[in-house]
Amino acid sequence: MLTMTDKKLGYDDLQPLMALQTGDEKHDAASTSTLDVLWVLYDEVLDIAAERINDPARDRFFLSKGHGPRPYYAVLAAKGFIPVDWLATFGGFDSPLGYHPDRNLVPGVEVSSGSLGHGLPLAVGAALGLRAQGIGARIVVLVGDAELDEGSNAEATEFAAAAGLSALTVVAVDNSSASWPWRGGLETRFEVAGWHAVRVDGRDHAALAGALARRTESDAPNLVVVEVEAAS
Amino acid sequence: MSDLAMRERFAATACKLLDQDRSVAVVLADISASMFAEAAARHPDRVVNVGIREQLLVNVGAGMAMTGMRPVVHTFATFLVERGFEQVKLGFAHQGVGGVLVSAGASYDMSRGGRTHQAPGDVALLDTLPDWTIHVPGHPDEVDTLLRGAVAGDGMVYLRTSTQQNTAPMPVDGSGTMMVVRRGSGGTVVAVGPMLDPVLSATEGIDVTVLYATTVRPFDAQTLISTLGSAEVILVEPYLAGTSTRCVAEALAHVSHRVLGLGVPRVELRRYGRPEEHAAALGLDAAGVCRRVTSFLGLNGTLA
Numbered sequence: 000m001l002t003m004t005d006k007k008l009g010y011d012d013l014q015p016l017m018a019l020q021t022g023d024e025k026h027d028a029a030s031t032s033t034l035d036v037l038w039v040l041y042d043e044v045l046d047i048a049a050e051r052i053n054d055p056a057r058d059r060f061f062l063s064k065g066h067g068p069r070p071y072y073a074v075l076a077a078k079g080f081i082p083v084d085w086l087a088t089f090g091g092f093d094s095p096l097g098y099h100p101d102r103n104l105v106p107g108v109e110v111s112s113g114s115l116g117h118g119l120p121l122a123v124g125a126a127l128g129l130r131a132q133g134i135g136a137r138i139v140v141l142v143g144d145a146e147l148d149e150g151s152n153a154e155a156t157e158f159a160a161a162a163g164l165s166a167l168t169v170v171a172v173d174n175s176s177a178s179w180p181w182r183g184g185l186e187t188r189f190e191v192a193g194w195h196a197v198r199v200d201g202r203d204h205a206a207l208a209g210a211l212a213r214r215t216e217s218d219a220p221n222l223v224v225v226e227v228e229a230a231s
Numbered sequence: 000m001s002d003l004a005m006r007e008r009f010a011a012t013a014c015k016l017l018d019q020d021r022s023v024a025v026v027l028a029d030i031s032a033s034m035f036a037e038a039a040a041r042h043p044d045r046v047v048n049v050g051i052r053e054q055l056l057v058n059v060g061a062g063m064a065m066t067g068m069r070p071v072v073h074t075f076a077t078f079l080v081e082r083g084f085e086q087v088k089l090g091f092a093h094q095g096v097g098g099v100l101v102s103a104g105a106s107y108d109m110s111r112g113g114r115t116h117q118a119p120g121d122v123a124l125l126d127t128l129p130d131w132t133i134h135v136p137g138h139p140d141e142v143d144t145l146l147r148g149a150v151a152g153d154g155m156v157y158l159r160t161s162t163q164q165n166t167a168p169m170p171v172d173g174s175g176t177m178m179v180v181r182r183g184s185g186g187t188v189v190a191v192g193p194m195l196d197p198v199l200s201a202t203e204g205i206d207v208t209v210l211y212a213t214t215v216r217p218f219d220a221q222t223l224i225s226t227l228g229s230a231e232v233i234l235v236e237p238y239l240a241g242t243s244t245r246c247v248a249e250a251l252a253h254v255s256h257r258v259l260g261l262g263v264p265r266v267e268l269r270r271y272g273r274p275e276e277h278a279a280a281l282g283l284d285a286a287g288v289c290r291r292v293t294s295f296l297g298l299n300g301t302l303a
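So the protein lines, in turn, are chains A and B.
Letter 60 of the first sequence, counting from 1, is numbered 59 in numbering that gives the first Met the number 0, and no numbers are missing.
Letter 273 of the second sequence, counting from 1, is numbered 272 in numbering that gives the first Met the number 0, and no numbers are missing.
Here it is, written out as structure tokens:
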């Protein structure tokens, strides 16, 4: 049944879709940490569809934390961006689906990631580019809590708030994987820089959808810390 | 002429392009920001100064390109190419988007500033990546032509400005073809950008062909081959010595040949002073080039 591309796939299909992706993928904890928020983003939040991957007005989703991409590929397949039968090729020489996604190989993937600390700075540039062109689309970038150790994120965080990039939302999946966590939690440094910040239960779909809804109260960019069980 | 001539010309041309083309954006990291103050007032969303944040500088340019804009990204060469090299590598070619990087400072423009402000390795470093076009102009007029061509395209372009420059501009058209400045029957001397004046002086009275290159990547092998006399080639580059020797070796792989790569050596000079003093110390003034050319060609050294 999962080979039928015309079937409307839902959340309950994601685990089987992930299971199709065999191989020696080593990021299981990282993988499942993002499953629910990815689903909520693509099912309820982002203004994007498989038929509109080149629409200039589409919302953009940047998976900056590129490791552990199986849930991402599963969601893209469930939403019709990629054929379900690609999933079994995961990591193969002829497969478009690598252990880190490549936007030049996978329809609907907006950023080629893998090296940590590039997605947010690129998203800042993309937000500036959309604003300069008068396009009101949102940019949502998913990072991991340990990824925020990379100093490049500090450059981007400070500037994004100063520039009033309200179209930008950072989803920080916090599975307590940072070796040296920030005191006071991830929110503190974003809030100091002028971001709006909120922390939600990463398995609560209604809470995720509420936190990820577009904010219009101010021109501050938005941080949503998505708390999930600690990485083992 | 001002010692900021190439950089000022870059800024003036970039400001005109901002007025003419709504897809053009200039991204800065404080360096040269005053040159863009008026343009920033006219185009606040397309002149972006991120402050002293060079990783962000490069990725903001790439991110703007991902939305269809044509970014012109500028700071000193060492901060533009070397500090955030992974941003250059992954932000542009790996994402599959283009952009124009424009540097100032070159190898030893800021001779008094010391090693931290000198980037002789910038071209060699970019040369580890695929598909970058690299322009090394020798005169402010050439900056204007090369920048206009770069911004009009959609590829990845590095434009390296310098305060070292030739007395007169050459009729550079941005096509990437090397110009035949002098025809001889002996070896070939390739002068890159600001090295043309010292090369012409150094080779006065020597029977060599002198080619002038302002575009070093892609390297114009065709002109080198079609004008070749004896298969002896001397590259004179204003950055790391030997950066383009592999291009000559590939161009002449079918013939026995000799190649000498002149440029800035790897050694740290640890001297301040004027750029001319650095050129002399590094053997890149006319006397130094003459000495190396005559020795390589087996001529007696009387001209040195």
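Idealized CB from N, CA, C, for every residue including glycine.
Outcome for residue i when other beta-carbon atoms lying within 10 angstroms are tallied against a minimum of 16
{"i": "ILE233 of chain B", "result": "buried"}
{"i": "PHE92 of chain A", "result": "exposed"}
{"i": "ILE30 of chain B", "result": "buried"}
{"i": "VAL191 of chain B", "result": "buried"}
{"i": "ASN53 of chain A", "result": "exposed"}
{"i": "ILE51 of chain B", "result": "exposed"}
{"i": "TRP131 of chain B", "result": "buried"}
{"i": "TRP179 of chain A", "result": "exposed"}
{"i": "ARG130 of chain A", "result": "buried"}
{"i": "GLY116 of chain A", "result": "buried"}
{"i": "HIS253 of chain B", "result": "exposed"}
{"i": "ARG159 of chain B", "result": "buried"}
{"i": "LEU185 of chain A", "result": "buried"}
Neighbourhood of residue i by C-beta, 6 Å cutoff - its chain only, sequence neighbours within 5 removed
{"i": "ALA4 of chain B", "result": "PRO139"}
{"i": "ALA38 of chain B", "result": "CYS14, LEU17, VAL46"}
{"i": "ALA278 of chain B", "result": "ASP284"}
{"i": "THR242 of chain B", "result": "VAL122, ALA123, GLU236"}
{"i": "PHE61 of chain A", "result": "GLU109, VAL110, GLY118, ALA122, VAL140"}
Chain B residues whose Cβ lies nearer than 9 Å to that of residue i
{"i": "VAL123 of chain A", "result": "VAL49, LEU55, ASN58, VAL59, GLY62"}
{"i": "GLU146 of chain A", "result": "In chain order: nothing, as chain B lies at least about 14 Å away."}
According to DSSP, residues forming a beta bridge with residue i
{"i": "TRP131 of chain B", "result": "B:MET155"}
{"i": "GLY109 of chain A", "result": "What sits at residue 109 of chain A in the sequence shown is Glu, not Gly. Beta-bridge pairing links GLU109 of chain A to no other residue."}
{"i": "GLY143 of chain A", "result": "A:VAL172"}
{"i": "ILE233 of chain B", "result": "B:VAL188, B:LEU259"}
{"i": "GLU226 of chain A", "result": "A:ASP173, A:ASP200"}
{"i": "MET178 of chain B", "result": "B:TYR211"}
{"i": "GLU52 of chain B", "result": "A small fix is needed here, since residue 52 of chain B is Arg in this sequence, not Glu. Beta-bridge pairing links ARG52 of chain B to no other residue."}
{"i": "SER102 of chain B", "result": "B:THR74, B:ARG159"}
{"i": "PHE60 of chain A", "result": "A:VAL139"}
{"i": "HIS195 of chain A", "result": "A:ASN221"}
{"i": "LEU239 of chain B", "result": "B:VAL263"}
{"i": "ALA24 of chain B", "result": "B:PRO70"}
{"i": "VAL47 of chain B", "result": "B:VAL26"}
{"i": "LEU167 of chain A", "result": "A:ILE138"}
Neighbour list for residue i in chain B, Cβ cutoff strictly below 8 Å
{"i": "LEU129 of chain A", "result": "THR66"}
{"i": "GLU160 of chain A", "result": "Per the sequence shown, residue 160 of chain A should be read as Ala rather than Glu. Ordered by position in chain B, no residue passes the 8 Å Cβ test against ALA160 of chain A, which lies about 12 Å from the chain."}
{"i": "VAL110 of chain A", "result": "MET65, GLN94"}
7 Å Cβ shell around residue i - same chain, five flanking residues per side excluded
{"i": "ARG102 of chain A", "result": "VAL108, GLU109, VAL110, SER111"}
{"i": "ARG273 of chain B", "result": "SER110"}
{"i": "THR244 of chain B", "result": "LEU234, VAL258, GLY260"}
{"i": "ARG182 of chain B", "result": "THR208"}
{"i": "LYS25 of chain A", "result": "Residue placement at LYS25 of chain A cannot be trusted, given a pLDDT of 48 that sits under 50; the coordinates are not used to answer."}
{"i": "ALA240 of chain B", "result": "GLY260, LEU261, GLY262, VAL263, PRO264"}
Chain A residues whose Cβ lies nearer than 8 Å to that of residue i
{"i": "GLY90 of chain B", "result": "HIS117, LEU121"}
{"i": "ALA24 of chain B", "result": "LEU127, GLY128, ALA131"}
{"i": "ASP44 of chain B", "result": "LEU127, ARG130, ALA131"}
{"i": "ARG69 of chain B", "result": "Within chain A, no residue comes near ARG69 of chain B; the closest Cβ sits about 10 Å away, beyond 8 Å."}
Beta-carbon neighbours of residue i, restricted to chain A and to distances below 7 Å
{"i": "GLU85 of chain B", "result": "SER114"}
{"i": "ARG323 of chain B", "result": "In the structure displayed, chain B extends from 0 to 303; residue 323 of chain B sits before or after that span and is not available."}
Close Cβ partners of residue i (< 8 Å) along its chain, the five nearest in sequence each way excluded
{"i": "ALA250 of chain B", "result": "PHE218, ALA220, LEU223, ILE224"}
{"i": "ALA206 of chain A", "result": "VAL199, ASP200"}
{"i": "LYS64 of chain A", "result": "ALA29, THR33, SER112, LEU115, GLY118, LEU141, VAL142, GLY143, GLU146, VAL172"}
{"i": "ARG202 of chain A", "result": "ASP35, VAL227"}
{"i": "VAL80 of chain B", "result": "VAL87, LEU100, SER102, ALA118, ASP121, LEU124, LEU125, TYR157"}
Proximity test, residue i beta-carbon vs the ligand GTP heavy atom, cut-off 7 Å
{"i": "ASP203 of chain A", "result": "This structure simply doesn't include the ligand GTP, nor any ligand for that matter."}
Fill in: Near-chain B residues of the stretch 43-57 of chain A - C-beta to any C-beta below 8 Å
PRO55
Worksheet entry | chain B contacts made by the stretch 89-103 of chain A, where a contact means CB separation under 7 Å | ARG102, ASN103
Practice prompt. Residues of the stretch 148-177 of chain A with a CB closer than 7 Å to any CB of chain B: list them in chain order, please.
Written response: SER151, GLU154, ALA155, PHE158
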